[in-house]
Structures are given as C-alpha cells and as structure tokens.
Amino acid sequence: MSSTPAPAASSASPATGRRTQKKQKADQLQFDLEHMSDLVTFYIGPAKKKALVHKNIVCQASPVLDAALNSSFIEGQTQVYELADTTETAFAFREELRLKQADLVDLWVLAEKLLVPQLQNRAIDLIEEYRRQYGLISKYMAQKAYDNTCVDSPVQRYLVYVSVWMLEIIGGENVSGITSHFVRHGLVAYAECVSSPCAGVVTPVPTNSN
16 MSSTPAPAAS
26 SASPATGRRT
36 QKKQKADQLQ
46 FDLEHMSDLV
56 TFYIGPAKKK
66 ALVHKNIVCQ
76 ASPVLDAALN
86 SSFIEGQTQV
96 YELADTTETA
106 FAFREELRLK
116 QADLVDLWVL
126 AEKLLVPQLQ
136 NRAIDLIEEY
146 RRQYGLISKY
156 MAQKAYDNTC
166 VDSPVQRYLV
176 YVSVWMLEII
186 GGENVSGITS
196 HFVRHGLVAY
206 AECVSSPCAG
216 VVTPVPTNSN
C-alpha cells in the first residue's frame, strides 16, 4: 500500500502569527492615538449628549466653529464645544433621514447659529417638500419657528407667504385653519401680507437666508 503523504509544514508557526497580529494591533492603536487630536468633542442639548467629530469637517463647514476651535479661547484649548440649545436630531442631520418639520426648524436654527447658509436653505427646502407631500404646515413647527428665530427671519417669512398662498388656493372660509398655527406677531405679519402685494404670490418659494 502507498503511504499517505505527510501534510506540508506551514511556513509560519502559530507563535509567529500571534506576534504579527499583536504588531498590527499596536500599529492600529498608535494610528488612533495620533489622530485623537483631530477630533472635537461636542456636548449636544440640555442632556449634554457627547459626540466626537473630525475637526477638519466641522471647521470647513462653519466659520463659527473654525474661529472657536482654532483660537486661544477655552474651546480652542480643550477642543470641546457645547451646543446646549439644539437637539441631537438636528446635530446628526443626514440627507437620508426623514425629519419632521419641527426637527427641520431645529436644523435651520442650528445652521443660523453656526453660519451655514447652505444648510439653512436646505432645511427650508425640506420643510416645503414636506408641505407639498402632505399638504399641511405643522402647528408645532410654526410655534417653534416663532419661538426660536428672530422677527422677520427667512423661516418666518416662508410661513407667512406659504399660508397666504394656501389661503388663495382653498378659499377664505378656511382661514382659521390656516392661521391657527401662528402666534400673535405671526398673525400681524400674516394680515399685513394679505393686504400687501405679496398676497399675489402664486407659488411658495423658500427664501434664501443669505
């Protein structure tokens, strides 16, 4: 009978393989430590939810963060930035997320605070997309917009213009349903718009925040 050939010996022993794995892990740890200085710690909202973000990304996006994190102030020294007056949802915004209108107002307010006009415009565009799809304006969103933005802000003007446009479409008998989402100073702006040339707006166009 022919003998069964012995299996070929491995060129690398188990001990050598373990040493290689340890070296790879050590190299990876060294790489991570070298790049820890590139991370900024954010504390989000009243609960101070912690988030780590690459510094270059946020500094390129926002001149406010660029100035703060590259300064001699406490934010620059610690690489820590607090955003107590926003939400985790707004801070973690991504295009694939389907945010509610109220969340989009939070996003607009955050973008205004950080001086990111492109993001402000995108937030209003998404609010309008929501309105076109569902045919409504969230009362909670409108209240939040008036509570958290300055008088005659782009998002407030958008609410007035789109409400006047909706009034023209559905008729005056439903005016209470349209205006119910306005706070007092919003109703004043609404009344002024109805009696002014802006009442002839044919289609609501989100107003640039630039």
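Everything in the sequence shown is counted per this note's numbering, starting at 16 for the first residue and increasing by one.
Quick reminder that beta carbons are idealized off the backbone N, C-alpha and C, glycines included.
It should be emphasised that the depicted structure is a prediction, and the values quoted were computed from it without experimental measurement.
Those residues which DSSP pairs with PHE106 across a bridge: Taking the first residue of the sequence shown as position 1, residue 106 is located at position 91. In the DSSP output, where bridge partners are listed per residue, PHE106 has none listed.
Helix, strand or coil for VAL79, going by three-state DSSP, please let me know. Residue numbering aside, residue 79 sits at position 64 when the sequence shown is read from its first letter. Reduced to three states, the DSSP call for VAL79 is helix.
Have a look at LEU141, VAL79, GLN135 and flag the residue whose alpha-carbon is nearest the alpha-carbon of GLU111. If you number the sequence shown from 1, residue 111 lands on position 96. Of the listed residues, the one whose Cα sits closest to GLU111 is LEU141.
Tell me which residue opens and which closes the beta strand (DSSP E) that GLU111 is part of. Translated into the one-based positions of the sequence shown, residue 111 becomes position 96. Counting along the chain, GLU111 falls outside any beta strand (DSSP E), and DSSP gives it neither H nor E.
Alpha-carbon spacing of LEU125 relative to SER86, whole angstroms: Here residue 125 corresponds to residue number 110 of the sequence shown, with the count starting at 1. Here residue 86 corresponds to residue number 71 of the sequence shown, with the count starting at 1. In a straight line, the C-alpha of LEU125 is about 21 Å away from that of SER86.
If you check the beta carbons only, do TYR96 and ALA83 fall under 8 Å apart? In the sequence shown, residue 96 corresponds to position 81, counting from 1. In the sequence shown, residue 83 corresponds to position 68, counting from 1. It is a contact, given that the beta carbons lie within the stated cut-off.
To which residues of the same chain is ASP167 closer than 6 Å at the C-beta, ignoring the five residues directly before and after it? Counting from one through the sequence shown, the residue named residue 167 turns up at place 152. There are no such residues.
When the distance is taken between beta carbons, is VAL175 closer than 8 Å to VAL120? Counting from 1 along the sequence shown, the entry for residue 120 is found at position 105. Counting from 1 along the sequence shown, the entry for residue 175 is found at position 160. The answer is no: Cβ separation not under 8 Å.
Could you spell out the range, first to last residue, of the beta strand (DSSP E) harbouring LEU130? As a working note, residue 130 is residue 115 in the sequence shown. That residue, LEU130, is in no beta strand (DSSP E); it is neither H nor E in DSSP.
For the candidate residues ASP162, GLN116, TYR161, THR164, whose alpha-carbon lies nearest to that of ARG147? Here the question's residue 147 lines up with position 132 in the sequence shown. Nearest of ASP162, GLN116, TYR161, THR164 to ARG147, Cα basis: GLN116.
Suppose you measure from the CA of LEU151 to the CA of VAL177; what does that come to, to the nearest Å? The count along the sequence shown starts at 1 and reaches residue 151 at position 136. The count along the sequence shown starts at 1 and reaches residue 177 at position 162. About 10 Å.
Applying the criterion that 16 or more other CB atoms from any shown protein chain within 10 Å of the CB defines a buried residue, is PRO78 buried or exposed? Counting from one through the sequence shown, the residue named residue 78 turns up at place 63. Flag for PRO78 reads exposed.
Just curious, the beta strand (DSSP E) that LYS65 is in, first and last residue? By 1-based counting over the sequence shown, the position of residue 65 is 50. From DSSP, the beta strand (DSSP E) with LYS65 extends over 64-69.
Cβ-based neighbour list, GLU90, same chain, cut-off 8 Å, excluding 5 preceding and 5 following: If you number the sequence shown from 1, residue 90 lands on position 75. Excluding positions up to five away in sequence, the list reads ALA83, LEU84, TYR96.
Assigned secondary structure, LEU54 (DSSP; H/G/I helix, E/B strand, else coil): Mapped onto the sequence shown, residue 54 falls at position 39. Strand at LEU54.
Nearest residue (CA-CA) to CYS131, options LYS70, VAL179, ARG113, ASP81: Position 116 of the sequence shown holds residue 131. Going by the sequence as given, residue 131 is Val instead of Cys. Closest option to VAL131, Cα to Cα, is ASP81.
Taking the CB atoms as reference points, tell me whether VAL55 and GLN94 lie closer together than 8 Å. Sequence index remark: in the sequence shown, residue 55 carries index 40 (1-based). Sequence index remark: in the sequence shown, residue 94 carries index 79 (1-based). Yes; because the gap between Cβ atoms is below 8 Å, this pair is in contact.
Close-in-space but distant-in-sequence residues of the same chain around ASN71 (CB under 6 Å, 5 per side omitted): As a first step, residue 71 is located in the sequence shown; it is residue number 56 there, counting from the start. In the same chain as ASN71, and ignoring 5 residues on each side of it, no C-beta atom comes closer than 6 Å to its own.
C-beta contact flag for ILE139 and TYR173 at 8 Å: Within the sequence shown, numbered from 1, the residue matching residue 139 stands at position 124. Within the sequence shown, numbered from 1, the residue matching residue 173 stands at position 158. Against a cut-off of 8 Å, the Cβ pair of TYR173 and ILE139 comes out as a contact.
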